[in-house]
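Below you'll find the structure, written out as structure tokens, and then a few comments.
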Amino acid sequence: MRLKYVLSEVLVGLWRNVTMTIAMIITMSVSLTMLGASALLYLQANEMKDFYYANIEVAMFLKSDVNDEQRQSLDAALNSDELVQSYQLETKDKALEKFRTLWRDTPDLVNSVSADQLPESFRVKLNNPEQYEDFAAKYATAEGVDEILDQRALLEKVFGILNSVQTMSLIASSIMAIAALLLVGNTIQVAAYSKRREVAVMKLVGASNWFIQAPFVLEAVAAGVLGSLLGFGALVLGKIFLIDGALRDLTELLTPLNWDNVLLMLPFMAGAGALVSAVTAWSTLRFYLRV
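full-length UniProt numbering numbers the first residue of the sequence shown as 1 and each following residue consecutively.
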């Protein structure tokens, strides 16, 4: 009987303040969508780091006048080097083939470059990419070596941009979360004020604070869960129509966004929405209305 009463009061409360309830749900959904997107970006950035750092290479470019003896000497040194996991020689023809593939959308540029204009290079994969400095110091002055480049430096710039986007997203979601908290607290105050006489009567007949507060707290939790469902729906649509649709050609260099990570956001967002809403509602009733 008590459970039935509490649930009926929740439905009545949500309908009584329907405009504020809708506003609360929408605010929660926007906040949780941004929070879920930030969490997905965090997971995706970690997966990208693991993938690219596992396949990172050091490019050892050779001078244009390198001779066979110098090339063979470098090959022997790399073959016996404990820092090196694997390596391969990229000839001028291979470099031209890669250049044509990379710049295939600009035929005028491709046609203006010949194999002789591109340098040979050893593409080296280290056992530990963190030992690049040791590797570069060993071969920087070797005969026939022109320049040594570490792909990690470029990747760190890319991941730095991703981390900045992630931070901005977290800040924006935090601001929206504060707005959602204020709206939840205000809605609960209005709902409690509209039922102040009923609350007073319940107190007089000996009803516990938890029994009185339960309908208000559940109202907030319901709004939080509904907002999380809407937010999760937005993430799913973003995955289908943006990541896998309109932006698919722009994300070829990114690791795929797995559905497992997207589905993981549902319990995360629902839990966060319900918990935050419940704590905010309880705190409002506890410290402001003193029921």
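C-beta atoms are modelled at their ideal positions from N, C-alpha and C, and glycine is treated no differently.
Count the other CB atoms, across all protein chains shown, that sit within 10 Å of the CB of residue i; report buried if there are 16 or more and exposed otherwise.
i, result
"residue 1", "For residue 1, the predicted structure reports a pLDDT of 43, less than 50, and the residue's modelled location is therefore unreliable. The matter cannot be settled from this model."
"residue 140", "exposed"
"residue 272", "buried"
"residue 243", "buried"
"residue 21", "buried"
"residue 267", "exposed"
"residue 90", "buried"
"residue 238", "buried"
"residue 235", "buried"
"residue 180", "buried"
"residue 161", "exposed"
"residue 32", "buried"
"residue 275", "exposed"
Determine the closest residue to residue i out of the options, with distance taken between C-alpha atoms.
i, options, result
"residue 228", "30, 169, 41", "30"
"residue 166", "35, 108, 26", "35"
"residue 52", "259, 37, 281, 151", "151"
"residue 182", "24, 148, 70", "24"
"residue 124", "49, 159, 274, 83", "83"
"residue 129", "75, 149, 245", "149"
How many Å lie between residue i and residue j at the Cα?
i, j, result
"residue 67", "residue 145", "11 Å"
"residue 172", "residue 226", "21 Å"
"residue 77", "residue 87", "11 Å"
"residue 156", "residue 231", "31 Å"
"residue 264", "residue 111", "48 Å"
"residue 121", "residue 81", "17 Å"
"residue 294", "residue 103", "This structure cannot speak to residue 294, because the chain is shown only from 1 to 291."
"residue 214", "residue 37", "31 Å"
"residue 216", "residue 132", "60 Å"
"residue 260", "residue 269", "15 Å"
"residue 256", "residue 286", "46 Å"
"residue 107", "residue 94", "18 Å"
"residue 48", "residue 241", "22 Å"
"residue 291", "residue 258", "Bear in mind that the predicted position of residue 291 carries a pLDDT of just 46, short of 50, making it too unreliable to give a figure here."
"residue 178", "residue 159", "28 Å"
"residue 119", "residue 56", "20 Å"
"residue 174", "residue 26", "15 Å"
"residue 70", "residue 143", "6 Å"
"residue 18", "residue 163", "39 Å"
"residue 262", "residue 28", "18 Å"
"residue 184", "residue 101", "55 Å"
"residue 73", "residue 65", "15 Å"
"residue 147", "residue 176", "49 Å"
"residue 233", "residue 50", "28 Å"
"residue 96", "residue 79", "25 Å"
"residue 117", "residue 245", "38 Å"
"residue 113", "residue 75", "27 Å"
How many whole angstroms separate the CB atoms of residue i and residue j, which I take to be in contact at a CB cut-off of 8 Å?
i, j, result
"residue 127", "residue 85", "5 Å"
"residue 224", "residue 277", "3 Å"
"residue 92", "residue 115", "4 Å"
Less than 7 Å between CB atoms is the rule here; does residue i satisfy it with respect to chain B?
i, result
"residue 126", "The structure shown contains no chain B, having only a single protein chain."
Count Cβ pairs between the region 38-45 and the region 119-138 that sit closer than 8 Å; are there 3 or more? no
Okay, do the region 211-223 and the region 56-63 touch, 3+ Cβ pairs below 8 Å being the bar? no
For the region 265-281 and the region 177-191, state whether three or more C-beta atom pairs, one from each stretch, are separated by less than 8 Å. yes
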